[in-house]
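Beneath this line is the structure, given in structure tokens, with notes to follow.
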Ligand SMILES: [Zn+2]
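Residue numbers (our numbering): 242 to 374.
Dropping the structure here:
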């Protein structure tokens, strides 16, 4: 005997995007022996049937610093060889192209001044806004 096919009105487990979990659903439409549309018993929402298996998405990486582009880093490495960087001092005046050495971030290249005693500095770990004189 063939197993009885699911039919409209049956209760099945399905994934609900509103509830964001697997909940009881009532089949409201069948397509080719498979549930096509279901209604969530929890939120009463109608939606396409989604199997209960949870598809695991890799968590989004949240990076706090922008990644330095390779070409920018090459420029930085070149600059590093040519210019002796001085220790960073927030009271000194810097301009685009100035190099600094920061106790935490290491060698950095000033990209631009952003006004109000701030400047954008490119470090190996990414760009950072730094204080300047
Ligand atoms: Zn739901």
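For every residue, glycine included, the Cβ atom is placed at its ideal position computed from N, Cα and C. Values in this document were obtained by computation on a predicted structure and should not be read as measured data.
In three-state terms, what does DSSP make of residue i?
i	result
residue 334	coil
residue 287	strand
residue 276	strand
residue 260	coil
residue 246	coil
residue 265	strand
residue 326	coil
First and last residue of the beta strand (DSSP E) that includes residue i?
i	result
residue 257	252-257
residue 353	347-356
residue 361	359-364
residue 367	367-372
For residue i, which residues in the same chain have their Cβ closer than 8 Å to its Cβ, ignoring the five residues on either side in sequence?
i	result
residue 282	252, 264, 265, 266 and 267
residue 355	361 and 370
residue 293	254, 255, 256 and 263
residue 258	288 and 291
Please go through the same chain and pick out, in chain order, the residues whose beta-carbon is closer than 6 Å to the beta-carbon of residue i, but skip the five residues on each side of it.
i	result
residue 343	329 and 349
residue 260	283 and 284
residue 335	351, 360 and 373
residue 331	372
Can you tell me whether residue i is buried or exposed, with buried defined as 16 or more other CB within 10 angstroms of its CB?
i	result
residue 340	buried
residue 360	buried
residue 276	buried
residue 249	exposed
residue 333	exposed
residue 337	exposed
residue 255	buried
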